[in-house]
Amino acid sequence: MESEVTLFETDEENGKVLDVINQDIPDLELAGFGLVTRSVVVKSGVWVAYQQKYFCGEQYILEKGKYKCFLDWGGTSETIMSIRPIKLEPLGDHQPIHWIKAFDNIHFQGSCIDFTTEAADFTSFIPCSFKVLRGCWLLYYQGKAAVEQCVLEEDLYPDLASCGCSATKVKSLKPVEHVFAEPLISLFALENCEGKELHLQEATSSVLNKEFHFLTQSIWVKSGIWIAYEGCNFLGKQFLLESSKISNWTQFSGWKTIGSLRPIKQPAMYFRIKNRSQEKYLTVAGSLMDGRATSVCLFPQNGKNTQIWHYSHGLIKSKVNDACLDVIGGRDIPGAKVALWTEHGKSRQKWTHNKDGTITSYLSDQLVLDIKGDYYDKNHIIVNQLNINELTQKWDFEIL
Numbered sequence: 314m315e316s317e318v319t320l321f322e323t324d325e326e327n328g329k330v331l332d333v334i335n336q337d338i339p340d341l342e343l344a345g346f347g348l349v350t351r352s353v354v355v356k357s358g359v360w361v362a363y364q365q366k367y368f369c370g371e372q373y374i375l376e377k378g379k380y381k382c383f384l385d386w387g388g389t390s391e392t393i394m395s396i397r398p399i400k401l402e403p404l405g406d407h408q409p410i411h412w413i414k415a416f417d418n419i420h421f422q423g424s425c426i427d428f429t430t431e432a433a434d435f436t437s438f439i440p441c442s443f444k445v446l447r448g449c450w451l452l453y454y455q456g457k458a459a460v461e462q463c464v465l466e467e468d469l470y471p472d473l474a475s476c477g478c479s480a481t482k483v484k485s486l487k488p489v490e491h492v493f494a495e496p497l498i499s500l501f502a503l504e505n506c507e508g509k510e511l512h513l514q515e516a517t518s519s520v521l522n523k524e525f526h527f528l529t530q531s532i533w534v535k536s537g538i539w540i541a542y543e544g545c546n547f548l549g550k551q552f553l554l555e556s557s558k559i560s561n562w563t564q565f566s567g568w569k570t571i572g573s574l575r576p577i578k579q580p581a582m583y584f585r586i587k588n589r590s591q592e593k594y595l596t597v598a599g600s601l602m603d604g605r606a607t608s609v610c611l612f613p614q615n616g617k618n619t620q621i622w623h624y625s626h627g628l629i630k631s632k633v634n635d636a637c638l639d640v641i642g643g644r645d646i647p648g649a650k651v652a653l654w655t656e657h658g659k660s661r662q663k664w665t666h667n668k669d670g671t672i673t674s675y676l677s678d679q680l681v682l683d684i685k686g687d688y689y690d691k692n693h694i695i696v697n698q699l700n701i702n703e704l705t706q707k708w709d710f711e712i713l
């Protein structure tokens with residue numbers, strides 16, 4: 314996938330501009346760009362911008378779109394000193410989806426053990442630093458009164474303090490499963506998800522500030538995976554939150570309230586989508602030259618890009634032409650045809666992959682991806698009324 318980004322030093326039309334295509338830039342100043350980045354436009358791909366040179370310091374994940382100022386990309390200033398694209402390459406047949414390197418000394422020194430699945434025995438090997446190479450991990454450690462946890466995303470952690478861990482000994486490591494859903498959470502001022510509600514779709518550095526001043530008593534995690542922090546500005550103890558209702562937050566966590574929270578940074582990835590009823594894969598059919606309306610159907614695995622997809626902001630996009638799964642006509646009725654269409658970002662193009670395997674349309678939580686069946690175009694794809702016992706409505710995302 315080609316990645317392209319443009320950095321703007323000023324708001325003026327004749328200001329300095331830097332176009333970057335499929336390239337790592339470890340020092341933007343050396344590349345001829347200034348010390349100030351006023352705005353950014355990501356034309357394609359996913360990029361990581363860094364506050365310091367040589368890919369160090371605060372990181373900002375930049376997906377397709379326009380970032381008018383540093384607040385849009387989550388920064389604290391207009392300083393971006395290095396940038397590089399996230400390069401998506403399918404893994405080999407035997408390469409792990411999750412991979413973490415643990416070292417028994419700080420700063421990645423000493424003995425090293427690779428983990429690709431859950432690990433709970435650290436009696437003879439005591440991890441002190443980590444390199445998270447693939448996926449996200451949950452680290453458990455013994456706190457003063459109970460077992461605590463912190464989340465490790467793809468990054469380097471030279472010591473336990475950099476992990477957010479206040480103890481000296483790790484109890485276990487567990488990979489966090491990938492979720493293909495936009496993050497959505499509601500905080501409530503009363504127990505049992507009642508009272509005043511604070512509805513969030515993105516990170517907030519403080520729910521206790523003057524704007525919100527919100528004392529969380531219960532939570533409804535509607536979709537995505539979130540990290541709750543006891544303190545403001547994403548500091549202090551952490552808790553991983555997955556889709557569920559928590560009727561009494563203090564009883565559940567031992568905290569008085571939540572200081573800040575954010576969605577987990579899941580790495581971008583490619584996958585195939587297999588239907589459980591026929592063991593066949595969602596496949597792009599018809600003309601690939603016209604992304605406005607390209608058919609999709611079920612077909613046995615063929616090893617081609619026509620069966621490879623990626624997920625971004627609720628959109629399921631084809632690798633072969635970057636078009637999106639779309640309910641044609643936008644009609645929220647059973648039997649409506651699903652095909653590929655150029656991205657427009659409306660609800661008819663947005664989907665959630667649920668734990669039970671169904672893929673729900675944003676048009677209605679009762680409409681899910683299904684196979685047409687019958688005789689004519691029987692392998693074509695439609696949306697249909699949810700039926701939890703129907704295998705044609707169950708899909709597995711096979712990460713590559």
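Quick note, the sequence shown lines up with residues 314 to 713 if you use our numbering. Heads up, the beta-carbon is just placed ideally off N, CA and C, and yes, glycines get one too.
A straight-line Cα-Cα distance of about 49 Å links LEU521 and LYS593.
Excluding the 5 residues flanking it on each side, ASP709 has same chain C-beta neighbours closer than 7 Å at LYS587, ARG589, GLY670, in chain order.
The shortest C-alpha to C-alpha distance from GLU391 to any of PHE416, GLY347, PRO398, PRO409 is the one to GLY347. With a threshold of 16 other beta carbon atoms within 10 Å, VAL330 falls short and is exposed.
The straight-line gap separating the alpha-carbon atoms of PHE435 and SER485 is approximately 7 Å. Secondary structure in the segment 365–402: no alpha helix (DSSP H) run of 4 residues or longer lies completely within the stretch. Per DSSP, the unbroken alpha helix (DSSP H) holding TRP562 starts and ends at 562–566. Contact between the segment 349–356 and the segment 409–424 is not established, with fewer than three Cβ pairs separated by less than 8 Å. Under DSSP, ALA344 shares a beta bridge with no residue. Along the length of the segment 453–481, whole alpha helix (DSSP H) runs at least 4 residues long occupy 473–476, reported in chain order. Contact annotation: THR596 and CYS610 have beta-carbon atoms nearer than 7 Å.
Taking C-alpha positions only, VAL445 is separated from LYS487 by approximately 12 Å. Within the DSSP bridge table, the entry for PHE443 names ALA415, TYR470 as partners. For the beta strand (DSSP E) assignment, the uninterrupted runs of no fewer than 3 residues enclosed by the segment 604–681 are, from N- to C-terminal side, 607–612, 622–625, 628–631, 637–640, 651–654, 664–666, 672–674. DSSP places HIS693 in no beta strand (DSSP E); its state is neither H nor E. With fewer than 16 other CB atoms across the displayed protein chains lying within 10 angstroms of its CB, GLN564 is exposed.
Taking one beta carbon from each stretch, the segment 572–580 and the segment 535–544 have 3 or more pairs nearer than 8 Å; the two touch. Distance from the CA of VAL361 to the CA of ILE532, rounded to the nearest whole angstrom, comes to 31 Å. Across the structure, MET394 and LEU320 are spaced so that their CA atoms are roughly 11 Å apart. Residue burial is scored here from C-beta neighbours: ASN561 has fewer than 16 other C-beta atoms within 10 angstroms and is therefore classed as exposed. Here SER518 really is in contact with PHE547; their C-beta atoms are around 7 Å apart, less than 8 Å. CA-CA distance, LYS457 to ALA474, rounds to 16 Å. Cβ-Cβ distances below 7 Å link SER536 to ALA494, GLU495, PRO496, LEU497, SER556, THR665 in the same chain, with the five nearest sequence neighbours on each side left out; the list follows chain order. Of the other Cβ atoms in all chains shown, 16 or more fall within 10 Å of the Cβ of ALA652; this residue is therefore buried. Within 10 angstroms of the beta-carbon of HIS491 lie 16 or more other beta-carbons, which makes it buried.
Taking 3 residues as the minimum length, the beta strand (DSSP E) runs contained wholly in the segment 515–560 are 531–536, 539–542, 551–554, 557–559, in order along the chain. Put simply, of THR529, LEU682, GLN679 the residue whose alpha carbon is nearest the alpha carbon of LYS569 is THR529. In this structure the segment 449–467 does not touch the segment 500–507; the number of beta carbon pairs closer than 8 Å is below three.
Exclusion of the five residues before and after ASN697 leaves PRO647, ASP683 as the residues of its chain whose Cβ lies within less than 6 Å of its Cβ. Partner residues in the beta bridge of HIS512, as assigned by DSSP, are SER499. Boundaries of the beta strand (DSSP E) around VAL489: 483–489. Nearest to TYR675 by C-alpha distance, out of GLN365, LEU628, THR430, is LEU628.
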